[in-house]
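Structure, as structure tokens:
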Amino acid sequence: MRQALGLIETKGYVANVEAADAMAKAADVGLVKQVQIGGGFLTTLVRGDVGSVKAAVDA
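For reference, each letter of the sequence shown is one residue, going 96 to 154 in the working numbering.
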């Protein structure tokens, strides 16, 4: 099975938590890391098979 890495960027911690929750519920992906970029922006990384990551990022 091929693995993929998906990234989303949000402004604000609450928006990031909501997005991560939606991704985890939408598909079988694992949350890898949340990175604070600066200026209130955060990036979340998820990992899973290609189809699941695409579905999670689209959620």
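For every residue, glycine included, the Cβ atom is placed at its ideal position computed from N, Cα and C.
Of the listed residues the options, nearest to residue i (C-alpha basis)
i, options, result
"K128", "E113, A99, R142, D153", "R142"
"F136", "D153, D123, A114, G146", "A114"
"G107", "V152, A154, Q131", "Q131"
"D153", "G134, V109, Q98, L102", "L102"
"V148", "T138, V109, V124, E104", "V124"
"G134", "T105, M96, R97", "T105"
Cβ distance (whole Å) where residue i is taken to contact residue j below 8 Å
i, j, result
"A117", "L126", "Not really, about 12 Å apart at Cβ, beyond 8 Å."
"A110", "D144", "That pair is no contact at about 26 Å."
DSSP-derived helix/strand/coil call for residue i
i, result
"A99", "strand"
>> Which runs of the beta strand (DSSP E) at least 3 residues long sit entirely within the stretch 108 to 146? Give them in chain order.
In response: 125 to 133, 136 to 144
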